[in-house]
Amino acid sequence: MDSAASHDLEKPLLVDDLPVLKRRSHARDVHILSCAFLLIFLAFGATQNLESTLITEKNLGTTSLGILYLSFAFFSLVASSVVRALGSKNSLILGTTGYWLFIAAHLKPTWCIMVPVSLYLGFASAIIWVEQGTYLTAAARSHARDNGLHEGTIIGNFNGEFWGMFACRQFVGNLLPLVLLRGGTEGNPSDTTLLFTVFLCSMTLGTILMCFLNKRDDEEEKDPHNAESLSLYASLSSLSKSIVAPMFDVRMLLIIPLMAYTGLQQAFVWAEFTKYIVSPMLGVSGVGGAMAVYGAFDAACSLTAGRLTSGLKSITLIVSGGAFVQAVIFLWLLLCYSPSTGILGTINLLIMAALLGIGDGVFNTQLSALIGIFFKDDTEGAFAQLKVWQCSAVALIFFISPYISLQAMLVLMLSAICLSYAAFVYLSQQGEKALSLQVQVQVQAQVPKSYFSSEENQKLLSTVELTECRHGDM
C-alpha cells in the first residue's frame with residue numbers, strides 16, 4: 006500500500022512536468038524554424054532580385070532562374086514522396102543545401118556551374134517547402150493536444166509567427182545590397198564578392214539552426230500496417246491522382262489563370278522592373294533599396310489583407326483592389342512613364358515598388374484563402390497545382406525576358422491580369438450561387454420535408470440562406 010501510495014503521489018508530478026517540456030519544445034521549434042527561414046531567404050531573395058542586373062553575360066542570370074523555377078515546378082509533383090522517405094528534419098536540412106550552393110555559385114558564376122546548381126535548387130526548393138507546411142502544422146497540433154488548447158487557434162498563431170518573420174526577408178535582405186554595393190550600375194567585383202560572402206554566412210547560420218529542430222515524423226508512417234503507403238508506387242499513384250483530379254474541376258480551371266498570374270507578376274518585378282526601371286536610375290545598389298520598399302509594403306499588405314479576409318465576398322473585393330493597383334502600374338509604365346532624375350524620379354519609382362508590393366501581398370493571401378475555401382476535400386492537390394502553375398509562369402518570364410522588349414512584356418502582363426481577373430469574377434459569382442445552394446441543402450436535410458410545405462416556412466428558409474451567405478460569405 007505504501008509503495009502504491011507513493012507511486013500515486015509521484016505520478017501527477019511526472020504528468021504535469023511532461024506537458025511543460027513539450028510546450029517549450031513545440032514553441033522552441035517554431036522559433037528556430039522561423040529564424041532559419043529568415044536567414045536563408047533574406048539571402049536568396051536579395052540575390053534573386055539582383056540576378057538580371059549582376060549576371061548579364063549571355064543572360065546567364067535570367068536563364069538560371071528560369072531553369073530553377075522549371076525544375077521547382079517539376080519536382081513539386083514528386084516532393085511528397087521524397088519527404089516521406091527522408092523524414093521531417095532531414096528534408097528541411099537537405100532543402101537548405103540547395104540555397105547554399107546557389108549563393109556559393111555566384112562567387113564565380115559560369116554556365117557549367119549555374120545550370121546544374123539551379124536544377125538542384127529546384128529540387129531542394131520543392132522539398133523544403135513541402136516539409137515546411139507539414140512541420141509547422143505538426144508542431145501546432147502537438148502543442149494544442151499537449152496543452153488542451155484549440156487546434157485552429159494554435160495553428161493560426163504558429164503560422165502568424167512564421168510568416169511574419171518570413172515577410173521580413175525582403176526588407177532586411179535588400180538593405181544589404183544597398184549598403185554593400187557601391188559600384189554603380191554594373192557593381193564592383195570586390196563589393197559583390199563581399200555581398201555574397203555575407204549571404205553565405207547568413208545561409209550557413211540558417212542551416213545550422215535547422216540541425217537543432219526536433220524530428221516530427223508522422224506517427225502513421227511508423228505504423229507497420231501503413232508500410233504499403235510508403236512504397237514508391239503507392240506514393241506516386243496517390244500524388245498523381247491528387248494532381249490530375251483537380252484538373253477536371255471547373256473551379257480549378259477558372260482559378261488557374263490567377264495562379265499563373267501571381268507567378269507572372271512576381272517574375273516581372275524580379276526580372277523586368279529591377280533591370281529596366283530601377284537599375285538605370287539608381288544603380289545596382291538602388292535595386293536593394295527599391296526592393297526593400299517593395300518587401301515592406303508586401304508584408305504590411307499581407308498582414309492587413311489576411312485580417313480583413315472573412316469569406317468569398319471579402320476576397321472578391323480585396324482581389325479587385327489588388328488587380329486595379331497593378332493594372333494602373335502597368336498602364337503607367339506603358340503609356341505615361343519616362344525616366345527622370347532627381348528626387349521626383351526616385352519618389353515615382355518607390356511609389357511603383359510600393360504598389361507592386363501591395364498587389365503581391367493581396368494575391369498571395371487571397372489566393373491561399375480561396376483555395377482553402379473551394380478545395381477543402383483536396384487541399385494538397387490544389388496547392389500542388391498552385392506551385393506548378395506559379396513556378397511555370399515564373400520560368401516563362403525568365404526565359405522570354407531577354408528576347409522581348411519592356412513594352413511587349415507590359416502588354417503581356419495587362420492581358421494576363423485582365424484574363425485572370427475575368428475568370429476570378431466569374432468563379433466568385435458562381436461560387437456564391439453554389440454556396441447558397443449548399444446552405445439550402447443542409448437546412449433541408451436537417452428539417453422534415455413537410456415543414457417546407459407552407460409559404461411562411463419557405464420565406465424563413467430563404468431568410469436563413471441569405472443570412473448564411475452574408476455572415477459567412479461561405
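Quick note on the numbering used here: the sequence shown kicks off at 6 and runs consecutively. Just so it is clear, CB atoms sit at the ideal spot from N, CA and C, and this is done for glycine as well.
Which term fits residue i, buried or exposed, when burial requires 16 or more other beta carbons within 10 angstroms of its beta carbon?
| i | result |
| --- | --- |
| Gly366 | buried |
| Phe42 | buried |
| Thr52 | buried |
| Phe253 | exposed |
| Cys206 | exposed |
| Leu340 | exposed |
| Tyr408 | exposed |
| Pro251 | buried |
| Val135 | buried |
| Ile260 | buried |
| Pro182 | buried |
| Leu88 | This sequence places Val at residue 88; Leu is not what is there. Val88 comes out buried. |
Whole angstroms is fine: what's the gap from residue i's alpha carbon to residue j's?
| i | j | result |
| --- | --- | --- |
| Ala398 | Ser93 | 29 angstroms |
| Ile402 | Ser96 | 29 angstroms |
| Leu269 | Met418 | 7 angstroms |
| Asn219 | Arg33 | 9 angstroms |
| Leu263 | Leu372 | 8 angstroms |
| Leu5 | Phe128 | Nothing in the structure corresponds to residue 5, since the chain is present only between 6 and 479. |
| Phe368 | Ser307 | 9 angstroms |
| Ala304 | Leu124 | 29 angstroms |
| Phe273 | Arg150 | 44 angstroms |
| Trp105 | Thr202 | 11 angstroms |
| Thr142 | Leu361 | 30 angstroms |
| Asp196 | Gly211 | 23 angstroms |
| Phe167 | Leu349 | 37 angstroms |
| Met286 | Leu73 | 28 angstroms |
| Ser319 | Leu313 | 7 angstroms |
| Ala310 | Gly364 | 11 angstroms |
| Ile118 | Ala90 | 28 angstroms |
| Ala144 | Met215 | 15 angstroms |
| Phe107 | Trp394 | 23 angstroms |
In the DSSP assignment, the alpha helix (DSSP H) including residue i goes from what residue to what residue?
| i | result |
| --- | --- |
| Trp275 | No alpha helix (DSSP H) contains Trp275, which DSSP labels as neither H nor E. |
| Asn219 | Element bounds for Asn219: n/a, residue is neither H nor E. |
| Met252 | Careful: Met252 lies outside any alpha helix (DSSP H) and carries neither H nor E. |
| Ile320 | 317-336 |
| Tyr74 | 65-80 |
| Ser86 | 84-91 |
| Leu308 | 284-313 |
| Lys279 | According to the sequence shown, residue 279 is Thr rather than Lys. No alpha helix (DSSP H) contains Thr279, which DSSP labels as neither H nor E. |
| Asn193 | Asn193 -> no alpha helix (DSSP H), and no H or E assigned at all. |
| Ser373 | 347-379 |
Within the segment 114-160, ranges of the alpha helix (DSSP H) (whole runs, at least 4 residues): 116-152
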